[in-house]
Amino acid sequence: MEQFCPRCHEQQVYKSNTGSIGRYAGLIGLLIANSTASYNCPTCGKISLEEFPEEFQSGIKRKRIFSIIGAVAVFALVIAFVFARELM
Ligand SMILES: [Zn+2]
8 MEQFCPRCHE QQVYKSNTGS IGRYAGLIGL LIANSTASYN CPTCGKISLE
58 EFPEEFQSGI KRKRIFSIIG AVAVFALVIA FVFARELM
């Protein structure tokens with residue numbers, strides 16, 4: 008998703024992942040880390056989500072919800088798989 012910086016309107020913001028949770032917590036951690044990543048402008052630095060236009064904010068929120076649903080679905084599949092193996 009391309010979005011221009013709400014401060015300078017010149018540079019495109021890029022996503023930066025917060026920490027290295029994803030690497031250690033596997034796929035679920037990766038999904039969570041991805042949904043909590045912050046946006047940065049090359050000249051202005053970190054931009055908080057509140058500074059972006061409403062349309063962009065709602066897009067992010069939707070993506071976050073899908074990420075959480077995805078994480079839960081993966082978790083449920085893993086549990087189901089483990090149970091299926093136990094029963095066999
Ligand atoms: Zn900027």
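Here our numbering runs 7 ahead of the position in the sequence shown, where the first position is 1.
Glycine included, every Cβ here is placed at the ideal spot set by N, Cα and C.
Could you check if residue i belongs to the surroundings of ligand 1, using beta carbon to heavy atom distance under 7 Å?
i, result
"residue 10", "no"
"residue 14", "yes"
"residue 18", "yes"
According to DSSP, is residue i helix, strand or coil?
i, result
"residue 63", "helix"
"residue 74", "helix"
Let me confirm a value: residue i is counted as buried when at least 16 other C-beta atoms fall within 10 Å, else exposed. Which label applies?
i, result
"residue 12", "buried"
"residue 48", "buried"
"residue 88", "exposed"
"residue 59", "buried"
"residue 85", "exposed"
Please list, in chain order, all residues of the same chain as residue i whose beta carbon is under 6 Å from its beta carbon, the five residues on each side excluded.
i, result
"residue 14", "51"
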